[in-house]
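One structure below.
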Amino acid sequence: MKQRKLEILLEKVRSFDSPDVTLEQYSTPSVLAAELLHFAFMKGDLDDTVYDLGCGTGMLAIGAKVLGAKRVVGFDSDPAALDIARENAEKLGVEVEFECLDIRQVRGHAHTVVMNPPFGAQVKGSDRPFLSTAMKVGDVTYSIHNSGSLAFVKKFIEPAVITEWYNTGFPIKRTFKFHKKDVERIEVEIYRITKENDQDN
Amino acid sequence: MKKDLMDILACPICKGDLVLNISKEDEKEIISGTLYCSKCNEYFPIEDGIPNMLPPELRE
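Each protein sequence line maps, in turn, to chains C and Y.
Per the UniProt record's numbering, residue 1 is the first one in the first sequence, and the count goes up by one each step.
Per the UniProt record's numbering, residue 1 is the first one in the second sequence, and the count goes up by one each step.
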């Protein structure tokens, strides 16, 4: 499937009803989700089990399943968001499982973790449990971070390493009252992280 | 939730195994029921197909 087609498909994914600012519940824009997923797909990382940490309304999880992942599980601590995620999966006709828990409690093993964690803009350090959990349960992780996070992430994930990363834009629609513009373009970075022992390039 | 999700589910308090109790299911998955930890004597609900593993004080 072409990236553009995936993006159009993911436009159907419904967003949060009442986003919680402390959880940074911004819906991942379909253009960014399609970009990350296409990147992962081309690297051959969407064949096996995929976990979406902090899946919210299921954008990345659903996209991963659309692209053919064998098994996809989405985790989030907000039951209301997961209700919407379930509806979204049904609407797009894919089978994705969802589980409601604190992200630190995620167990099991996935070949690939995809996530758009909170950036820690509201509650400092809120991206850390996501990175820690991703390192614990996944072999390969695709994660979206604020532009300029490279040095921090690199250090935090040791001994895992970033094999590739790139800069891209992230349109964010007016979601909370303190937003001044209708749409603001946020510069973000997408990282591909592997545990050192199974690094393949 | 599907039954094979049980292999990654654990009690969030003691990390022990959980006992699945199904009250409603269709051919594909479990719609509602509970997950029970005998060690902590705690129940975790499955509602609309989604297991809620948040500790009781964080549930709505």
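Backbone N, C-alpha and C fix where the C-beta goes; we use that ideal spot for every residue, glycine too.
With distance defined between alpha-carbon atoms, name the residue in Y/I22, Y/C14, Y/P12, Y/L18 nearest to Y/M6.
When each option's Cα is compared against that of Y/M6, the closest is Y/L18.
| the stretch 78–99 of chain C: which residues have C-beta closer than 9 Å to a C-beta of chain Y, in chain order? | Within the stretch 78–99 of chain C, P79, A80, L82, D83, A85, R86, E95, E97, F98, E99 place their CB atoms closer than 9 Å to a CB of chain Y, listed in sequence order.
Task: Validate contact between the stretch 112–123 of chain C and the stretch 139–149 of chain C using beta carbons, cut 8 Å, 3 pairs - done: Output reads yes: the stretch 139–149 of chain C touches the stretch 112–123 of chain C.
- Query: Where C/V137 and C/Q105 are concerned, what is the direct C-alpha to C-alpha distance, given to the nearest angstrom?
  - Reply: Going by the C-alpha atoms only, they are around 11 Å apart.
Point to revise | Cβ neighbour criterion (16 or more within 10 Å) applied to C/F178 | key: Its Cβ having fewer than 16 others within 10 Å, C/F178 is exposed.
| task | Output the boundary residues of the alpha helix (DSSP H) element that contains C/T133. | result | From DSSP, the alpha helix (DSSP H) with C/T133 extends over 128–137.
(message) Assuming the contact rule is C-beta atoms closer than 8 Å, C/L60 and C/D52 should be a hit. Round their C-beta distance to whole Å, please.
(response) The C-beta separation of C/L60 from C/D52 comes to about 5 Å, placing the pair in contact by the 8 Å criterion.
Q.
I'd like to confirm the pairing. Which residues does DSSP put opposite C/F170 in its beta bridges?
A. DSSP output for C/F170 lists C/I186 as bridge partner(s).
contact_flag[the stretch 42–59 of chain Y, the stretch 67–86 of chain C] where n(CB pairs < 8 Å) is 3 or more: Taking a cut-off of 8 Å for Cβ pairs, the stretch 42–59 of chain Y and the stretch 67–86 of chain C touch, as three or more such pairs fall below it.
- Assigned exposure category for C/E187 - 16 Cβ within 10 Å defines buried: Counting the other Cβ atoms within 10 Å of the Cβ of C/E187 gives fewer than 16, which makes it exposed.
From this set, C/I144, C/D139, C/V140, which residue's C-alpha is nearest C/R128's C-alpha? Measuring from the Cα of C/R128, the nearest candidate turns out to be C/I144.
task: Let me know if C/E11 comes out buried or exposed under the rule of 16 or more other beta-carbons within 10 Å of its beta-carbon.
output: The C-beta of C/E11 has fewer than 16 other C-beta atoms within 10 Å across all chains shown, which makes the residue exposed.
### Query
How many angstroms separate the CA atom of C/Y142 from the CA atom of C/T57?
C/Y142 and C/T57 have their alpha carbons spaced roughly 18 Å apart.
* **8 Å Cβ cutoff, Y/G33 in contact with chain C** => So no, Y/G33 is outside the interface.
query: Can you find a C-beta in chain C that's less than 8 Å from the C-beta of Y/L5?
result: Taking Cβ atoms only, chain C reaches closer than 8 Å to Y/L5, which makes this a yes.
Q.
Quick check: the Cα distance between Y/I30 and Y/K2, rounded to an integer number of angstroms?
A. In this model, Y/I30 and Y/K2 are separated by some 6 Å (Cα to Cα).
Mind checking if Y/K24 is an interface residue toward chain C, Cβ cutoff 8 Å exclusive? Residue contact check for Y/K24 against chain C: no CB pair falls below 8 Å.
Residue-chain proximity (residue 79 of chain Y, chain C), Cβ-Cβ < 8 Å: The structure shown has nothing for residue 79 of chain Y, since chain Y only spans 1 to 60.
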